[in-house]
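Reviewing the structure listed below.
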Amino acid sequence: MSNNCHSLRVETAMNQKDKKMDHAAAQLEKQHVHDVYESTAPYFSDLQSKAWPRVRQFLQEQKPGSLIADIGCGTGKYLKVNSQVYTMGCDYCAPLVEIARSRGCEVTVCDNLNLPFRDQRFDAIISIGVIHHFSTKQRRIRAIKEMARILVPGGQLMIYVWAMEQKNRHFEKQDVLVPWNKALCSQPLSEAGQPGRRQQCGRPERGPPYHPPCSACRCSECSEGRRDSKRSHSVDCDAVLAGTCCANTSEEGEEDNGFYNMLGKSFRSWFSSRSLDESTLRKQIEKVRPLKNTGSWANSTISIQPSRHSSFDLGHPETLSTGEQNVDEEVFVEPSQGPLECLRAPTTRKQLNGDHPGVMRRNGDANFLGGTDAKENCVDEDNVEEDTASGSKLWGRVSAADSTDSNPGDAISVEQQPDVLDSRAFMRYYHVFREGELCGLLQESVSELHILSSGNDHGNWCVIAEKTESCD
Amino acid sequence: MRLLTHNLLSSHVRGVGPRGFPLRLQATEVRIHPVEFNPDFIARMIPKVEWAALLEAADTLHLVEVPKEPIQGYEHNEEFLRKMHHVLLEVEVLEGTLQCPESGRLFPISRGIPNMLLSDEETET
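Taken in order, these protein sequences are the chains called A and B. Number 59 in numbering that gives the first Met the number 0 belongs to position 60 of the first sequence; there are no gaps in the numbering. Number 23 in numbering that gives the first Met the number 0 belongs to position 24 of the second sequence; there are no gaps in the numbering.
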């Protein structure tokens with residue numbers, strides 16, 4: 000059987016050095032992706048992260064009777080968007096998959112790097128906010144090639160990754176650890192006694208005039224409707240409910256946007272004046288946790304990202320179109336103590352045991368270990384910046400600001416918020432993409448995919464690519 | 000795990016390749032969960048089904064006899080479509096195992112979710 004044109008599993012022969020690198024990368028991802036998602040899963044609710052319109056559109060445009068895979072489906076927010084297709088959800092994180100399952104979705108626990116499907120099975124695949132969790136270029140390529148492998152010729156793959164270039168924040172580096180603030184999340188599902196949709200996001204006890212987004216829904220219809228819809232291709236509840244529930248929120252959102260915009264300016268100025276200095280960072284990190292094998296760890300190329308946005312788990316109404324990429328950080332306001340104050344808390348957290356996240360060996364290849372010089376030659380005529388979104392997406396950030404501090408000038412004393420302390424330990428690793436990097440990656444390393452379109456959607460670089468027809 | 004899902008899954012133990020399909024199903028807990036019948040959807044799914052694998056799985060679960068192949072004019076045969084709808088979408092394996100036919104490796108199904116994760120050793124190049 001001729002298989003030259005079929006994209007088989009990438010059987011790269013890895014030498015010893017590559018293996019070590021790959022192992023280190025896997026360890027980093029275990030600690031700062033998988034373990035974090037697993038630990039924070041109880042606080043997730045599908046209502047807290049709404050489907051992105053363009054992704055929904057992509058799914059709705061698929062032919063009836065298509066087989067679709069959502070690789071990295073999380074709690075399954077895209078799995079029921081189109082009732083005329085069969086969508087498999089796949090995720091590494093079992094607790095998240097359980098949540099998706101409880102909504103009646105078909106799901107499996109698996110690894111993007113080793114997808115348990117035969118070649119050429121799916122008519123379309125989505126990968127939303129996943130590839131940016133792989134910590135080396137080789138792994139990112141492998142993940143994309145795996146998805147291409149299981150795609151039918153002519154089938155389409157949509158990829159969303161977090162962009163380095165953001166309107167309202169500044170990433171020092173492409174490889175960042177982003178904290179997660181549990182305090183901004185809904186109550187754990189177990190405490191809620193049922194899928195936590197009834198619980199409110201945000202912590203009312205923490206002061207300010209904070210209007211929880213409606214999507215974190217108190218509407219009985221929402222939770223009831225969701226619970227009952229176990230059918231594999233029933234009407235998409237998300238769309239229906241979002242419409243009814245979110246009507247109020249947008250009005251509230253506008254009002255609060257005004258407040259945030261005021262606040263925002265002072266944040267922005269504070270932020271730029273305190274942009275992370277890598278050596279300071281490293282000193283702080285070294286103070287906090289002793290390094291192992293300092294000899295072989297040359298340069299720190301990951302930065303801890305103190306950014307200003309609320310946790311994505313806060314919940315964003317449909318209208319906002321914010322996805323996980325724009326959230327899940329907390330406000331760091333510690334002018335006197337420095338942005339790394341939070342790191343002292345996590346030393347006791349077992350999640351941060353083991354290898355130091357901030358220091359990895361430098362490598363000549365363009366993976367994060369050596370810093371990335373992305374090829375900026377992507378043909379990207381479709382780069383659309385959706386300015387209208389930036390106002391509404393600030394909704395979530397208001398909450399963050401409100402919750403952790405009301406005055407950007409005040410230092411946050413971490414000790415005052417013991418429950419927040421723990422949460423800051425949940426630092427998620429991201430490789431944020433430069434403009435053109437994702438396209439470049441596909442063009443250079445994944446010849447079985449042909450780029451159809453690319454652009455920017457709410458702070459994410461996105462690509463739609465098509466599996467090239469086999470040449471048999 | 001529905002049988003349509005089973006029809007998609009394959010073992011990816013290193014070196015196994017296409018011989019990792021179909022996974023041998025063993026079920027200790029099954030439930031029937033009614034799903035709204037959508038004849039058009041089922042008709043479109045039929046060509047995508049690996050029939051032998053479906054037969055084997057349905058047989059394991061002692062399901063109503065599935066035809067050896069799609070019957071002529073199945074697109075308009077409601078009885079056939081309803082039968083397939085039932086087999087593909089309404090039977091859920093809640094607890095059981097999936098076994099790689101080549102390597103023998105077992106993948107668990109718990110609470111309706113197959114766990115296809117491999118250990119580092121099993122995936123190492």
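For each residue, glycine too, the CB sits at the ideal point set by N, CA and C. It should be emphasised that the depicted structure is a prediction, and the values quoted were computed from it without experimental measurement.
Sequence-distant residues of the same chain with beta carbon closer than 8 Å to residue i, five excluded per side
i, result
"B/Arg-110", "Leu-93 and Glu-94"
"B/Asn-114", "Phe-106, Pro-107 and Ile-108"
"B/Glu-91", "Met-0, Arg-1, Val-29, Arg-30, Ile-31, His-32 and Gly-111"
"B/Glu-49", "Asn-6, Phe-20 and Pro-21"
"A/Leu-440", "Lys-136, Arg-139, Ile-140 and Ile-143"
Segment limits, beta strand (DSSP E) that includes residue i
i, result
"B/Arg-81", "Here B/Arg-81 belongs to no beta strand (DSSP E); instead the alpha helix (DSSP H) covers 77-84."
"A/Asp-456", "448-456"
"A/Glu-105", "105-108"
"A/Ser-126", "121-127"
"B/Ser-109", "105-109"
"B/Thr-4", "Per DSSP, B/Thr-4 belongs to no beta strand (DSSP E); it is in the alpha helix (DSSP H), 2-7."
"A/Arg-427", "427-430"
"A/Met-87", "85-90"
Under 7 Å from the C-beta of residue i: neighbouring residues of chain B
i, result
"A/Asn-113", "His-11, Leu-117 and Thr-122"
"A/Gly-64", "Phe-40, Arg-43 and Met-44"
"A/Val-96", "Ile-112"
"A/Arg-141", "Those do not exist, as A/Arg-141 stays about 10 Å from chain B at its closest Cβ, beyond 7 Å."
"A/Met-87", "Thr-4 and Leu-7"
"A/Arg-120", "Leu-7"
"A/Ala-123", "Correct list: empty, because the minimum Cβ distance to chain B is about 13 Å."
"A/Gln-83", "Phe-40"
Bounding residues of the alpha helix (DSSP H) (the contiguous stretch that carries residue i)
i, result
"A/Tyr-460", "Inspection of the sequence shows that residue 460 of chain A is occupied by Trp rather than by Tyr. Note, A/Trp-460: premise wrong, no alpha helix (DSSP H); beta strand (DSSP E) at 459-466."
"B/Trp-50", "50-59"
"B/Arg-30", "Per DSSP, B/Arg-30 belongs to no alpha helix (DSSP H); it is in the beta strand (DSSP E), 23-31."
"A/Phe-57", "52-59"
"A/Arg-100", "93-101"
"B/Glu-91", "That residue, B/Glu-91, is in no alpha helix (DSSP H); its beta strand (DSSP E) goes 90-98."
"A/Gln-165", "Neither: A/Gln-165 is in no alpha helix (DSSP H) and is coded neither H nor E."
"A/Leu-441", "436-444"
"A/Val-35", "34-39"
"B/Thr-122", "119-122"
"A/Met-20", "15-28"
"B/Leu-41", "The question names Leu, but residue 41 of chain B in the sequence shown is Ile. Looking at the DSSP string, the run of the alpha helix (DSSP H) that includes B/Ile-41 is 38-44."
"A/Ile-143", "136-148"
Contact list for residue i against chain A, beta-carbon separation under 9 Å
i, result
"B/Arg-23", "Under the 9 Å cutoff, chain A gives no residues; its nearest Cβ is about 14 Å from B/Arg-23."
Distance between beta carbons of residue j and residue i, contact taken as under 8 Å
i, j, result
"B/Pro-17", "B/Glu-55", "Actually they are not in contact, since the Cβ atoms of B/Pro-17 and B/Glu-55 sit about 16 Å apart, beyond 8 Å."
"A/Ser-452", "A/Cys-438", "At roughly 10 Å, the Cβ-Cβ gap does not stay under 8 Å, so A/Ser-452 and A/Cys-438 are not in contact."
"A/Ala-40", "A/Ser-134", "Contact flag wrong, Cβ pair sits at about 21 Å."
"A/Ile-125", "A/Met-87", "Actually they do not touch by this definition, with Cβ atoms about 11 Å apart."
"A/Gly-73", "A/Asp-90", "6 Å"
Same chain, Cβ closer than 6 Å to residue i, five either side skipped, listed in chain order
i, result
"A/Pro-115", "Cys-109"
"B/Thr-59", "Leu-24"
"A/Ile-481", "There is no way to answer for residue 481 of chain A, as the model of chain A reaches only from 0 to 471."
"A/Glu-465", "Gln-155, His-449 and Leu-451"
"A/Gln-165", "Gly-458"
"B/Ala-52", "Asn-6 and Pro-21"
"B/Met-83", "Ile-41"
"B/Ala-57", "Val-65 and Val-86"
Cross-chain neighbours of residue i in chain A, by beta carbon under 8 Å
i, result
"B/Leu-8", "Thr-107, Pro-115 and Phe-116"
"B/Phe-162", "A question about residue 162 of chain B goes unanswered here, because the residues of chain B that appear run from 0 up to 124."
"B/Pro-17", "Arg-117 and Asp-118"
For residue j and residue i, the rounded distance between their alpha carbons
i, j, result
"B/Ile-108", "A/Arg-168", "43 Å"
"A/Tyr-85", "B/Gly-103", "29 Å"
"A/Ala-50", "B/Leu-3", "25 Å"
"A/His-232", "A/Gly-154", "Because A/His-232 carries a pLDDT of 36, less than 50, the predicted location of this residue cannot be relied on, and no value is offered for it."
"B/Arg-13", "A/Asp-118", "15 Å"
"A/Gly-75", "A/Leu-66", "16 Å"
"B/Glu-64", "B/Glu-78", "13 Å"
"A/Gln-83", "A/Thr-467", "25 Å"
"A/Leu-240", "A/Cys-461", "Since pLDDT at A/Leu-240 reaches only 29, below the 50 mark, its modelled position is unreliable, and the value read off the structure follows with that caveat. Roughly 27 Å between the two C-alpha positions."
"A/Lys-172", "A/Met-163", "8 Å"
"A/Asn-113", "B/Thr-122", "8 Å"
"B/Glu-101", "A/Val-177", "42 Å"
"A/Arg-138", "B/Phe-40", "36 Å"
"A/Asp-122", "A/Glu-105", "16 Å"
"A/Val-129", "A/Val-160", "7 Å"
"A/Thr-346", "A/Phe-57", "At A/Thr-346, the pLDDT of 36 sits below 50, so the modelled position is not reliable; the number obtained from the coordinates is stated separately. Between A/Thr-346 and A/Phe-57, the C-alpha separation is close to 43 Å."
"A/Gly-71", "A/Asp-34", "15 Å"
"B/Leu-8", "A/Gly-64", "18 Å"
Cutoff 7 Å; reference residue i; Cβ partners in own chain excluding five residues on either side
i, result
"B/Leu-88", "Arg-1, Leu-3 and Val-34"
"A/His-132", "Glu-28, Val-32, Tyr-428 and Tyr-429"
Contacts of residue i in chain A (Cβ-Cβ under 7 Å)
i, result
"B/Lys-47", "Leu-66"
Within chain B, partners of residue i - CB distance below 8 Å
i, result
"A/Ala-93", "Ile-112 and Asn-114"
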